[in-house]
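Residue numbers (the numbering used here): 144 to 546. No residue lacks a Cβ here, since even glycine has one placed at the ideal position from N, Cα and C.
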């Protein structure tokens, strides 16, 4: 953030008020779990976080009809050739550009690290490490906002629902430097109608959440606030380009960052070295490691295999890596639900069904699938709720939730 150009507050808030919010955010985001939360398996975010490459995009408004999995090679090439910017500079105008940047849209495919990077940005502010020119940062995620889809409430009520700790503070928000972050636009179940949505200027006036959001984005409320929205590429077109000042893209890890990730995640450094060496021996595996989610998968698979000295069948291809990962997760399902371990035939059947489901949706260009798609692939809906862990573990899950 810039120190002076973007300062819009006319009065400093009570430091005690800021500290209340900072303490809340520290508690929410200082710990993190990768995959399904396991008691005692959380890690300090500052301990394992690895910086990502972020690029500033030159254009906005085109929504690709290509499935994001097929963006992989294009994204990797840009990662290797474009200069990365720092998260703390995404609201800073480019040299020679005097127009202030108030709204930033950050795009990135699933598993590239958007959510964790947002959490690190907020944690750094809460711990006094960065962006101290901001008085308040409020982070919302659409996954939780969706719970309010059928309700009418004011923006202040929505804010207090997410941050009950500040409910009793008498804040005049228009006097302060505020940033609102909305993570995961692709998960939104709201219809953002910027043409006919009701106009709001009063923070205490009730409306549906989609109306509150459109009025925030089009600057009818909080006109001086900073807005940061993250999304997968296919969903970013929900916001008209006229309301976006800058588009950035998360490209993932470069080669040094890949190695840093494994050294941070795996405490045994000799084991981390073995894993890095093995991944570098396979060009396809090492290229895939530009995605944090794949690094996590590789760490789970290889850490177990090298720790147990089972190096005879170490995966050398993407297919082998994903197969080992699926088998591990299916075995975990047996332990989690206290069911007998499956025989190889059952495991093969599940993998084939899940593979069929994934392939069909990939061919259709779908980012999500529904009950009828599951049934068409021969998976019972009741089974799907049990096997869903196989599909969902690759996402970072918030450890602390106030729902």
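First and last residue of the uninterrupted alpha helix (DSSP H) at residue i
i	result
residue 344	Here residue 344 belongs to no alpha helix (DSSP H), and DSSP marks it neither H nor E.
residue 353	352 to 360
residue 300	298 to 305
residue 500	487 to 507
residue 418	412 to 423
residue 90	What is shown of the chain runs 144 to 546, which leaves residue 90 out entirely.
residue 386	Segment: none, residue 386 is in no alpha helix (DSSP H) and carries neither H nor E.
residue 399	398 to 408
residue 244	Run containing residue 244: none; DSSP gives neither H nor E here.
Alpha-carbon spacing of residue i relative to residue j, whole angstroms
i	j	result
residue 327	residue 299	21 Å
residue 249	residue 282	14 Å
residue 212	residue 464	For residue 212, the pLDDT reaches just 49, beneath the cut-off of 50, and the residue's location in the model is therefore unreliable, although a value from the coordinates is still provided. So the alpha carbons of these two residues sit roughly 17 Å apart.
residue 333	residue 294	12 Å
residue 386	residue 274	23 Å
residue 369	residue 331	20 Å
residue 227	residue 371	18 Å
residue 429	residue 399	11 Å
residue 348	residue 315	16 Å
residue 291	residue 352	7 Å
residue 403	residue 419	10 Å
residue 188	residue 380	31 Å
residue 186	residue 255	19 Å
residue 154	residue 345	21 Å
residue 425	residue 461	9 Å
residue 407	residue 467	23 Å
residue 405	residue 284	28 Å
residue 358	residue 350	10 Å
residue 365	residue 190	35 Å
residue 166	residue 427	43 Å
residue 279	residue 296	22 Å
residue 459	residue 252	24 Å
residue 432	residue 422	8 Å
residue 470	residue 515	25 Å
residue 488	residue 505	26 Å
residue 231	residue 520	45 Å
residue 409	residue 415	6 Å
residue 439	residue 401	11 Å
residue 434	residue 160	38 Å
residue 225	residue 240	20 Å
residue 456	residue 238	53 Å
residue 367	residue 246	10 Å
residue 181	residue 175	Below a pLDDT of 50, predicted positions are generally treated as unreliable, and residue 181, at 48, falls in that range; the measurement from the model is reported next regardless. Cα-Cα distance, rounded: 11 Å.
residue 305	residue 317	19 Å
residue 229	residue 288	28 Å
residue 494	residue 446	22 Å
residue 413	residue 443	16 Å
residue 501	residue 441	20 Å
residue 242	residue 236	7 Å
Beta-carbon proximity of residue i to residue j, cut-off 7 Å
i	j	result
residue 374	residue 354	no
residue 496	residue 522	yes
residue 319	residue 158	no
residue 388	residue 244	yes
residue 376	residue 337	no
residue 270	residue 163	no
residue 417	residue 449	yes
residue 363	residue 335	no
residue 322	residue 356	no
residue 303	residue 310	yes
residue 261	residue 324	yes
residue 378	residue 329	yes
Beta-bridge pairing of residue i - partner residues as DSSP gives them
i	result
residue 199	391
residue 249	373, 391
residue 314	In DSSP, residue 314 forms no bridge with anything.
residue 445	Note: residue 445 sits in no beta bridge, so no partner.
residue 295	351
residue 228	197
N- and C-terminal bounds of the beta strand (DSSP E) containing residue i
i	result
residue 189	Segment 188 to 191 is the alpha helix (DSSP H) holding residue 189; no beta strand (DSSP E) there.
residue 325	321 to 326
residue 518	Element bounds for residue 518: not the beta strand (DSSP E) but the alpha helix (DSSP H), 514 to 519.
residue 282	279 to 284
The ligand COA heavy atom lying under 6 Å from the CB of residue i
i	result
residue 373	Questions concerning the ligand COA fall outside what the structure shown contains, since it holds no ligand whatsoever.
Under 8 Å, with one C-beta from each stretch per pair, do the stretch 157 to 174 and the stretch 246 to 266 reach the 3-pair mark? yes
Would you be able to state if there are at least three C-beta pairs under 8 Å between the stretch 387 to 399 and the stretch 185 to 204? yes
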